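Residue numbers (my numbering): 1 to 374.
Right, dumping it as structure tokens:
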């Protein structure tokens, strides 16, 4: 008799076998992905290294080629020193590494050269960077005359003349820059600062409003507006702007000095002294602050203190009329009458020297004539 098989021991052919998690399809896909990613990263690294190596080689080859070209041009110019084409090429190659030599090379380029004005612009750029104001001015005069509609030349000329203190001439170029489309905040700020230098404070408000319309938080614009309002008699605006500046920069000796001036003008002498003392603690060598402090001391009839404050500056400030005038007043109040008299005579000589100086318009006429001859 056949024995019946125990159903519990029978194997169901359709029952799913238990899978080993280490060999599941998901695990295999994940492992394959990791391998592919690893290979990709390795290839990328090798590719990146290869590109870096190629770039370094290319850069080195470029430097060597440039060096060889420089040597070739220098040797050529020793034999043919009047070849302006070679001078131009060499100037272009070396202007970043040897600006003075490049300046000399560009100076050999004449109007016969098709890129003459590029050479003149390069001269202006190098001269400005190296602080060669006369060379820069001569080059810029040529450029603004030849390209009167080119805004960047007008602005460069305005900035250069402003740095030289030639405010009337600078203003003309700065306004021309704006007329040609220079309507950025920095363009209007340049006009305002030139007007400040020229003592035309009432006119500063217009361009400063344009600046603040474009950049409401520009510190320099608020500081200049405080100055303009102060010297235009608008003490309320001056106070508001100076305090705004002080809130932004508590160590602004200029804002503190403006507040000292405002309080002096309002008759608040003690408050004025408090502000100017704070300013001088921040910047003890500020001439404007020292002159104001001396003026306040003289107002209080403290001549000896004012004299002691100003006298140490004589060696460096004896050509400044404002300083000489203040020292003369302090000396007189301190009982130093002979010294006060000598200082008054010095002040008269300084006035005469200023009267004998050529005007900015005369200087410009001479420079234009010289530029035209080149």
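Glycine included, C-beta positions come from ideal geometry on N, C-alpha and C. All figures in this text were calculated on a predicted structure; none of them were measured in a lab.
Three or more Cβ pairs closer than 8 Å define a contact, and the segment 108 to 121 falls short of that threshold against the segment 93 to 100. Short of 8 Å from the beta carbon of residue 246, and not among the five residues preceding or following it, lie these beta carbons of its own chain, in chain order: 252, 255, 256 and 259.
Runs of alpha helix (DSSP H) with 4 or more residues, each lying fully within the segment 323 to 360, are found at 337 to 356, listed in chain order. Closest in alpha carbon position to residue 207, among 284, 193, 160 and 116, is 193. Residue 157: member of the alpha helix (DSSP H) spanning 151 to 163, first to last residue. Nearest neighbour of residue 113 by Cα position, chosen from 88, 217 and 334, turns out to be 88. Between residue 304 and residue 329, the alpha-carbon positions lie close to 11 Å from each other.
Residue 200 and residue 175 have their alpha carbons spaced roughly 15 Å apart. With contacts defined as CB atoms closer than 7 Å, residue 158 and residue 170 qualify as a contacting pair. Relative to residue 320, the option among 346, 106 and 309 whose CA is nearest is 346. Secondary structure of residue 112 (DSSP, three-state): coil. With respect to the 7 Å criterion, residue 308 and residue 294 are not classified as neighbours on the basis of their beta carbons. If you draw a straight line from the Cα of residue 210 to the Cα of residue 147, it is about 27 Å long. Per DSSP, reduced to three states, the secondary structure at residue 303 is helical.
Annotation for residue 235: the continuous alpha helix (DSSP H) segment containing it runs 235 to 248.
For residue 265, the enclosing alpha helix (DSSP H) covers residues 253 to 265. Around the C-beta of residue 35, fewer than 16 other C-beta atoms lie within 10 Å, and the residue is accordingly described as exposed. Of all alpha-carbon atoms in 250, 323, 182 and 231, the one lying nearest the alpha-carbon of residue 350 is that of 323. Scanning its chain for C-beta atoms nearer than 8 Å, with the 5 sequence neighbours on each side dropped, one finds around residue 280 the residues 253, 286, 289, 290 and 293, in chain order.
Judged by beta-carbon spacing, residue 262 lies beyond the 7 Å limit of residue 296, meaning their Cβ atoms are not closer than that value. For residue 147, the three-state secondary structure derived from DSSP is coil.
If you look at residue 81, you'll find it isn't in any alpha helix (DSSP H); DSSP assigns it neither H nor E. In this structure, the beta-carbon distance from residue 126 to residue 103 falls below 7 Å. Shown here, residue 295 sits in a helix according to DSSP, grouped into three states.
Judged by DSSP secondary structure, residue 221 falls within the alpha helix (DSSP H) whose first and last residues are 219 to 231. Here residue 326 is buried, its C-beta having at least 16 other C-beta atoms within 10 Å.
Counting the other CB atoms within 10 Å of its CB gives residue 173 a total of 16 or more, which places it among the buried residues. Under the three-state reduction of DSSP, residue 277 is assigned to helix. In the DSSP assignment, residue 194 falls within the alpha helix (DSSP H) that extends over 185 to 198.
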